[in-house]
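According to my numbering, the sequence shown is numbered sequentially starting from 2. All residues carry an ideal CB built from backbone N, CA and C; glycine is no exception. Everything below concerns the one structure shown next.
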Amino acid sequence: RRVMDLIGEFFIELIFRRIIVGVFGYYTLFAFYRLTNNEKGLKWLDEASEHEGEEFGKGCMISIVGLISFSALITLIVYLFF
Numbered sequence: 002r003r004v005m006d007l008i009g010e011f012f013i014e015l016i017f018r019r020i021i022v023g024v025f026g027y028y029t030l031f032a033f034y035r036l037t038n039n040e041k042g043l044k045w046l047d048e049a050s051e052h053e054g055e056e057f058g059k060g061c062m063i064s065i066v067g068l069i070s071f072s073a074l075i076t077l078i079v080y081l082f083f
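Encoded structure:
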């Protein structure tokens with residue numbers, strides 16, 4: 002039973018955190034910086050940070066933006082179909 006809980010938690014983490022939130026966050030920021038022609042933002046998004054704190058901040062920003070954009074997409078889909 003404990004092993005099954007760990008496997009389920011692993012797949013939820015992999016699917017939700019890494020794939021959905023990470024991809025939505027990264028590409029939403031990428032599209033925003035591309036549309037606003039913000040070269041500094043594109044560079045910040047693509048390069049690795051020198052300090053661990055900066056990398057953590059970038060990850061938090063991508064996660065927050067991803068969660069918001071994923072929630073907005075789900076809300077839009079629910080609104081359109083119901």
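> Do residue 63 and residue 23 have their CB atoms nearer than 8 Å?
Replying inline: One thing to note: residue 63 has its Cβ within 8 Å of the Cβ of residue 23.
> Do you know how far the Cα of residue 36 is from the Cα of residue 2?
Replying inline: Near 49 Å, if we compare the C-alpha coordinates of residue 36 and residue 2.
> So, is residue 74 buried or exposed, given that buried needs 16 or more other C-beta atoms within 10 angstroms?
Replying inline: The residue in question, residue 74, is exposed, as its Cβ has fewer than 16 Cβ neighbours within 10 Å.
> Excluding the five sequence neighbours on either side, which residues of its own chain have a C-beta within less than 8 Å of the C-beta of residue 21, listed in chain order?
Replying inline: The residues are 67, 71.
> How is residue 51 classed by DSSP in three states: helix, strand or coil?
Replying inline: Looking at residue 51 - three-state DSSP - the assignment turns out to be coil, as it is neither helix nor strand.
> Would you report the Cα separation of residue 53 and residue 45, rounded to the nearest angstrom?
Replying inline: Using only the alpha carbons, I get a separation of about 14 Å.
> Straight-line CA distance for residue 43 to residue 14?
Replying inline: One Cα belongs to residue 43, the other to residue 14, and the distance between them is close to 27 Å.
> Since residue 2 is in the alpha helix (DSSP H), which residue starts that stretch and which ends it?
Replying inline: Per DSSP, residue 2 belongs to no alpha helix (DSSP H) and is neither H nor E.
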